[in-house]
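Numbering (numbering that gives the first Met the number 0), first residue to last: 0 to 214. The beta-carbon is built from N, C-alpha and C at its ideal position, and this holds for glycine as well.
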Amino acid sequence: MKLFLDTASVAEIRTMWEMGILDGVTTNPTLVAKEGRRFEEVLREICALGVPSVSAEVVGTSVEQMVQEGRHLRGLHPSIYVKVPMTPAGLRATKTLSSEGTRVNMTLVFSANQALLAAKVGAAYVSPFIGRLDDQGQEGMALIDEIVQVYENYDFATEVLVASVRHPVHVLEAAKLGADIATMPFGVMEKLVQHPLTDLGLARFLKDWEKVPKG
Ligand code: E4P
């Protein structure tokens, strides 16, 4: 399974990229606003690190605006995936952009039928938001199970990108269901690395090593 960071912080991305565990990055308008920096400047810095998949979201709402923005974003760097919302206009824009070779990440997906439509218009990724479903009392992971099954039934090439991940158990459950990608905040990815028994075990090994005769 590919692991993506859900952030527009270049410092966070650099940390995980240098650790060798990062496969991609997803951004959205909220994450970009948090950084207080120009969008394209941030995108260029992320791409310059060598990250192979960087999702950048359009903010227009008409088909024409989304297609125009999508073409522009795609032209910034070959690693850019264009994020398009799951709306009727978004579906039309995705159909056009995908047919031109732009890789589209259809976002704000909350049902398996929406995911089915994303696959039909040729999206490269579909992004179901599981945390936001959990937040309102629906089991987000059940949606991943449904989408994986629907895509397997018809051999769709669209990859399932589990989004709105809140904790490490979400990542593990997504992996067990066979999702292609999970995108997560920096804090969640850090927790995948850490375990208190690893730290305790290492401290004990290093302490015992001091007792080994040297020289
Ligand atoms: C990723 O592509 C989404 O924009 C993101 O995971 C949304 O997460 P949130 O529900 O924590 O805002």
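Residue of S8, L4 and D179 minimising C-alpha distance to A156
D179
Regarding T29 and ligand 1, is the C-beta to nearest heavy atom distance less than 7 Å?
Yes, Cβ of T29 sits closer than 7 Å to a heavy atom of ligand 1.
Tell me which same chain residues have a C-beta within less than 7 Å of the C-beta of A174, skipping the five on either side of it?
M0
Here's a check: name, in chain order, each residue in its chain whose Cβ is nearer than 7 Å to the Cβ of M15, leaving out the five neighbours to either side.
L4, L21 and M188
Measuring CA to CA, which of V159, V57 and L201 is closest to A181?
V159
Taking 7 Å as the cut-off, does the CB of D179 come closer than this to any heavy atom belonging to ligand 1?
no
So, helix, strand or coil for A111, using DSSP?
helix
So V24 and V50 are in contact, right, with Cβ under 8 Å, and what is the actual spacing, rounded?
5 Å
Looking at the structure shown, is S97 part of a helix, part of a strand, or coil, going by DSSP?
helix
Distance, K206 Cα to I129 Cα:
43 Å
On the DSSP bridge list, what partners appear for I180?
K1 and L160
Alpha carbon to alpha carbon, how far is L75 from R43?
Each residue's alpha carbon lies about 7 Å from the other.
Where does M105 sit, in a helix, a strand or coil, going by DSSP?
strand
Bridge-paired residues (DSSP) for Y124
Paired residues: N104 and E158.
May I ask you to report which of helix, strand or coil DSSP gives T29?
Correct three-state label for T29: helix.
Nearest residue (CA-CA) to V170, options D154, V103, K190 and N152
K190
As a quick check of your reading: which residues have a C-beta less than 6 Å from at least one non-hydrogen atom of ligand 1, in chain order?
Chain-ordered list of matching residues: D5, T25, N27, T106, S126, F128, G130, R131, A162, S163 and T182.
Status (buried if at least 16 other CB within 10 Å, exposed otherwise) for T29:
Flag for T29 reads exposed.
Taking its Cβ as the centre, do 16 or more other Cβ atoms sit within 10 Å of G100, making it buried, or is it exposed?
exposed
Roughly how many angstroms lie between the CA atoms of Q135 and V125, to the nearest whole one?
Spanning the two alpha carbons is a distance of roughly 21 Å.
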